[in-house]
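Notes for the one structure printed next.
Right, dumping it as structure tokens:
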């Protein structure tokens, strides 16, 4: 039997080929990196594979339904899961010692017997149920799945929560139940919000895994059933065909032209040719076990019947997943114990692993924890370490003032909202903080097929050559998908100043019509339109492209071979042979007065020309020169030829073939007859023709150039990345010429780059790390890329201080996805790749990555905004409370300007809701016009720190001034005893002062959030009403915060017993409003001087370079306009 590409069954309707898979449904076919029928060039590895298995190929039989197996009853105590070393006592067929981890070394009969299965009946339902109970479902264990407990512990294990826990314990310790209860509620709220959001993200990934679990066609109780793949068990007889995902590790029993894309497992871009004979050579790797089909790989050609030999974690995929999970722990075991201990502590504390924002905020949290301890020591020192309940309460208030209690909740909610926005753009966020990391990406390393391109082949160019006359043409692609047959033939313009000529199907030149006929009929792919108008296809990607091309010209195979008076009737087929690299189909022409046959051939150019015996060298050179021209444009070139044979000659050749009694040779030649096997309509014997006799004396027809077109949105997305300072790299398994052409078409390269811009993986991997670091830039295109090359690219980028996003879909992409700062899995990829990634693209589109980067940058800006909005409160509170230590009663006890519950109220209620509103701000209009942010500085850069200190200090001073003025000039300086605990009438001046401080601090915190809509522009220049109406959360959260002031001030008992302040009079309101106006004026002045660059020296030292650059650019533009005027 000949094993080849694409020709596993007869085309059209009424085929007499045996139908193995009952109820099988057509699946849409997507292109692999190197489509099998790539006529012009095949890799040396593929040729080696073909030669290596040539003898096994010819040993196979062609008819699937003639396979007979003697079933031997073997006990089921040694099925699949573990190697069996027990000799069989009941059969001499099976070897004395069988290792079922090596089923490729056994005869198919032996494997079937060992699993107590039957090739004709399969397992019974009872057997299957028993084995499912024994071996478990056919699912990969989520080795890195995050449990609910670990999520909960992670939410508790941070410095901010630890300080609050300490405050809670101390509050309950001094029997301040109200304060302790409030702190407890804050802790529970923070932990719950973080837990719910992260748990939902993990469940989203679980649902993705469920959606990616396909069904399998299984033989049970003598009937083919479609069952979920997770229900497969060792010993099941499964059937699969082109387009199917292999559901488990399967030992092949019978095959027909079977080829499987094993790129997810082995990284090889060329589909593997499969066999069924035993392989006895020792130490064969998965790629060389050609009689096995591995779970997670995709059938690209043919069909097969096999027996399941491994499921779940016993499959090759499962073993790789297990090895990946164990690799880290093995490496850890080789390191000194003290380093492992420190790493464990650092990881637990969150300062070793995570995104830059995570690490930065965790370190910042521990700085705050240290400051809280220092502040407590200061309080104890002022009290001369005479520690009583009053001192402890003041220390608690100061500790709570240091901590931005709502930071974790606001950050989580902001990420959650960003994740929802990304979900609308077909991006599933596995880790919420990965969105911020995506915003800092400097380089994107993207796959080509299906990401930058459509992942589906189309015919782009053609060239006919009939009677020495050449005719070049292009083919339009106007359909919404590659499968939609819409588009015309475009002929070159007759003169330089004329437009190209679009030709309708009824005006085609005869030479192009002949070429389209050959492409249509020497083809077994099928395209069809569903009831909803969508187009789908089935078959080899290259053949689908040819069939779509022919259908565009109203010359589909169905239209030519079916209908009332079909022009052609299919009779014979010589399938695509991987060694000969060509395919031939034989048709009877029905529109001739004298019956005759026409032969159509397609394949690699050299192989088709070898069958065109009457061609002179001049014509051959013209053809090969044009092939080179098309191939240099990144096209895969197929050649087409035809041959006519009258009825007498055809019968004579067929008769000679039959009389030679060479049926075995005919089988090995892959001949498929599509007439009835026994008798034709005329009562004569069915035609039989040897391949050697058929494939000669052909006449060359022309060439078609096929490629995987870029997605319509890809070029614009790449150009957007360039404007944003992001470098796009294309890592592909394709040929360098194809990679170069696509890279140029999508603007990754423009032809002006140096020689190192485009490399093959062999060239890149051949360089040492020193040589790679010496390159001016990392290569923009790496062709023939392997997973190992991706890992080296990541390492090289890290050494250069770059922050890379890496895409991947295969099992062996998992290491690079894990090591990349941002790993992006593909929705159509393997579960192992998805589980190793931070983000998953459900549509595999490159522009979805760009949308993610844009969203990440917006989130980064918003985080800076709300960090300032939250931290200014802490700076103000710490300054206020430290200075307030000097305000003492007659017992020398410090009187706090704001009660601990008031501090919590301000931090959690007043500041948090507007901060969430800031987190929902849309990205600025120029967000993708500026370079990535400085990864070393991160979110807490100099500008953020300086703004926080300036605004916080101003806020603290104005609040302190309000407190002192309310006590001394207005309150007469009367400070009663025990006003931190008591609500006595003598504490009225202190309570009035606290009310003024509370109101001032609340108003300032609310209005600073409006000011932070832009860190540079004046709030009053931004059309505030119009802008706020677009962000209702920010608008109404401030309104709500203002509305809560009277509640805290005037509700009886709530004001005095909880907040330790009193209903405020007119003097207090006047003081609060005056201090708030002064604060806003200082903020506006600071923005003008330091953020918009009015004082350049101040802008430079305070981190306002961006605003200064904008000011200088605006000034230069104005000067240029004046000069031109």
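Numbering (the UniProt record's numbering), first residue to last: 1 to 1125.
Glycine is no exception: its CB is placed at the ideal position from the N, C-alpha and C atoms.
Check your understanding: Whose C-beta lies closer than 8 angstroms to the C-beta of residue 885 among residues of the same chain, with five residues either side of it excluded?
Key -> If you number the chain shown from 1, residue 885 lands on position 885. These residues qualify, in order along the chain: 378, 379, 382, 394 and 894.
Review point. By how many angstroms is the C-alpha of residue 872 removed from the C-alpha of residue 1107?
Key: For this step, residue 1107 is matched to residue 1107 along the chain shown. For this step, residue 872 is matched to residue 872 along the chain shown. Distance between the alpha carbons of residue 1107 and residue 872 is about 21 angstroms.
Check your understanding: Between 513, 447 and 239, which lies nearest to residue 555 when the distance is taken from Cα to Cα?
Key -> Taking the first residue of the chain shown as 1, we reach residue 555 at position 555. Cα-wise, what sits closest to residue 555 is 513.
Review point. Which whole runs of the alpha helix (DSSP H) in the region 567 to 611 are 4 residues long or more, in chain order?
Key: 605 to 609
Check your understanding: Which runs of the alpha helix (DSSP H), 4 residues or longer, sit entirely within the region 479 to 554?
Key -> 510 to 521 and 541 to 552
Point to revise | Bridge partner(s) assigned by DSSP for residue 888 | key: Residue mapping note: residue 888 aligns to position 888 of the chain shown, counting from 1. DSSP, once it has assigned bridges, lists 894 as partnering residue 888.
Point to revise | Inter-residue spacing [alpha-carbon to alpha-carbon] between residue 190 and residue 768 | key: Residue 190 sits at position 190 when you count from the first residue of the chain shown. Residue 768 sits at position 768 when you count from the first residue of the chain shown. When rounded, the distance between both Cα atoms is 49 angstroms.
Check your understanding: What three-state label does DSSP hand residue 370 in the structure shown?
Key -> Residue mapping note: residue 370 aligns to position 370 of the chain shown, counting from 1. Here residue 370 sits in helix by DSSP.
Review point. Helix or strand or just coil, what does DSSP make of residue 789?
Key: Counted from its first residue, the chain shown places residue 789 at position 789. In the structure shown, residue 789 sits in a helix (DSSP, three-state: H, G or I).
Review point. Counting along the chain, where does the beta strand (DSSP E) carrying residue 474 start and finish?
Key: The residue given as residue 474 occupies position 474 in the chain shown. 469 to 475 is the span of the beta strand (DSSP E), which, as asked, contains residue 474.
Review point. Less than 7 angstroms separating the beta-carbons of residue 376 and residue 399?
Key: To locate residue 376, count along the chain shown from 1; it is residue 376. To locate residue 399, count along the chain shown from 1; it is residue 399. Contact: yes.
**Study point:** Selected residue, minimal CA-CA separation from residue 1043, among 909, 1100, 1028 and 968
**Key:** Indexing the chain shown from 1 puts residue 1043 at position 1043. Selected option, being the one with the closest Cα: 909.
Review point. Can you tell me the Cα-Cα spacing of residue 853 and residue 805, whole angstroms?
Key: Sequence index remark: in the chain shown, residue 853 carries index 853 (1-based). Sequence index remark: in the chain shown, residue 805 carries index 805 (1-based). Each residue's alpha carbon lies about 10 angstroms from the other.
Check your understanding: For residue 979, which of helix, strand or coil comes out of DSSP?
Key -> Translated into the one-based positions of the chain shown, residue 979 becomes position 979. In the structure shown, residue 979 sits in coil (DSSP, three-state: anything other than H, G, I, E or B).
Practice item. On the DSSP bridge assignment, give the partners of residue 428 in chain order. Key: Within the chain shown, the letter at position 428 stands for residue 428. Residue 428 pairs with 840.
**Study point:** Cβ-Cβ distance between residue 298 and residue 245 below 7 angstroms
**Key:** Stepping through the chain shown from its first residue, residue 298 is reached at position 298. Stepping through the chain shown from its first residue, residue 245 is reached at position 245. Contact flag set, yes.
Review point. Are the region 1000 to 1008 and the region 945 to 960 touching by the rule of at least three beta carbon pairs closer than 8 angstroms?
Key: yes
Point to revise | Cβ pair residue 725, residue 932 closer than 7 angstroms | key: Stepping through the chain shown from its first residue, residue 725 is reached at position 725. Stepping through the chain shown from its first residue, residue 932 is reached at position 932. It is a contact, given that the beta carbons lie within the stated cut-off.
Exercise for review: Kindly list the residues whose CB is nearer than 6 angstroms to the CB of residue 38, restricted to its own chain and excluding five residues on each side of it in sequence; keep chain order.
Suggested key: Numbered from its first residue, the chain shown carries residue 38 at position 38. Low per-residue confidence applies at residue 38: pLDDT is 35, beneath 50, and the placement is therefore not dependable enough to give any value.
Exercise for review: Compare the beta carbon distance of residue 1063 and residue 963 with 7 angstroms and say whether it is the shorter of the two.
Suggested key: Working through the chain shown from its first residue, we reach residue 1063 at position 1063. Working through the chain shown from its first residue, we reach residue 963 at position 963. In this structure, residue 963 does not lie closer than 7 angstroms to residue 1063 by Cβ.
**Study point:** Short Cβ contact (7 angstroms threshold) for residue 737 with residue 634
**Key:** Locating residue 737 in the chain shown gives position 737, where the first residue counts as 1. Locating residue 634 in the chain shown gives position 634, where the first residue counts as 1. Their beta carbons are under 7 angstroms apart, which means residue 737 touches residue 634 by this criterion.
Point to revise | Per-residue burial, residue 450 [other beta carbons within 10 Å of its own, 16 or more giving buried] | key: The residue given as residue 450 occupies position 450 in the chain shown. Residue 450 comes out buried.
Review point. Can you tell which of 1090, 1068 and 890 has the C-alpha that lies nearest to the C-alpha of residue 944?
Key: Position 944 of the chain shown, counted from the first residue, corresponds to residue 944. Checked all of 1090, 1068 and 890; the closest Cα to residue 944 is 1090.
Point to revise | Distance between beta carbons of residue 599 and residue 630, contact taken as under 8 angstroms | key: As a first step, residue 630 is located in the chain shown; it is residue number 630 there, counting from the start. As a first step, residue 599 is located in the chain shown; it is residue number 599 there, counting from the start. Not really, about 24 angstroms apart at Cβ, beyond 8 angstroms.
Exercise for review: State whether the region 611 to 629 contacts the region 713 to 727, with contact taken as three or more CB pairs (one from each stretch) at a distance under 8 angstroms.
Suggested key: no
Check your understanding: Ends of the beta strand (DSSP E) at residue 700?
Key -> Within the chain shown, the letter at position 700 stands for residue 700. Note, residue 700: beta strand (DSSP E), 699 to 707.
Practice item. Report, in whole angstroms, the separation of the C-beta atoms of residue 1015 and residue 993, which I expect to be a contact under 8 angstroms. Key: On the chain shown, position 1015 is the one that residue 1015 refers to. On the chain shown, position 993 is the one that residue 993 refers to. Actually they are not in contact, since the Cβ atoms of residue 1015 and residue 993 sit about 33 angstroms apart, beyond 8 angstroms.
Point to revise | Opening and closing residue of the alpha helix (DSSP H) in which residue 238 lies | key: By one-based count along the chain shown, residue 238 stands at place 238. Segment 237 to 241 is the beta strand (DSSP E) holding residue 238; no alpha helix (DSSP H) there.
Review point. Which same chain residues, not among the five before or five after residue 900, have their C-beta less than 6 angstroms away from its C-beta?
Key: Position 900 of the chain shown holds residue 900. Taken in chain order, the residues that qualify are 179, 396, 397 and 400.
Review point. Rounded to a whole number of angstroms, what is the C-alpha to C-alpha distance between residue 344 and residue 338?
Key: By one-based count along the chain shown, residue 344 stands at place 344. By one-based count along the chain shown, residue 338 stands at place 338. Cα to Cα, residue 344 sits roughly 10 angstroms from residue 338.
Practice item. Measure from the alpha carbon of residue 303 to the alpha carbon of each residue in 446, 217 and 1100, then state which is nearest. Key: Indexing the chain shown from 1 puts residue 303 at position 303. The option with the nearest alpha carbon to residue 303 is 217.
**Study point:** residue 695, DSSP secondary structure in three states
**Key:** Numbered from its first residue, the chain shown carries residue 695 at position 695. It is coil, neither helix nor strand.
Practice item. On a CA-only basis, which of 235, 531 and 536 is nearest residue 485? Give me that one, please. Key: Translated into positions along the chain shown, residue 485 becomes position 485. The shortest Cα separation from residue 485 among 235, 531 and 536 belongs to 536.
Practice item. Take residue 567 as the anchor and find which of 601, 521 and 584 has the nearest alpha-carbon. Key: Residue numbering aside, residue 567 sits at position 567 when the chain shown is read from its first letter. For residue 567, the nearest C-alpha among the options comes from 521.
Review point. Is it buried or exposed for residue 193, if we count other Cβ within 10 angstroms and need 16 for buried?
Key: Within the chain shown, the letter at position 193 stands for residue 193. It is buried - the Cβ of residue 193 has at least 16 other Cβ atoms within 10 Å.
Check your understanding: Distance, Cα to Cα, residue 1019 vs residue 923?
Key -> Stepping through the chain shown from its first residue, residue 1019 is reached at position 1019. Stepping through the chain shown from its first residue, residue 923 is reached at position 923. So the alpha carbons of these two residues sit roughly 17 angstroms apart.
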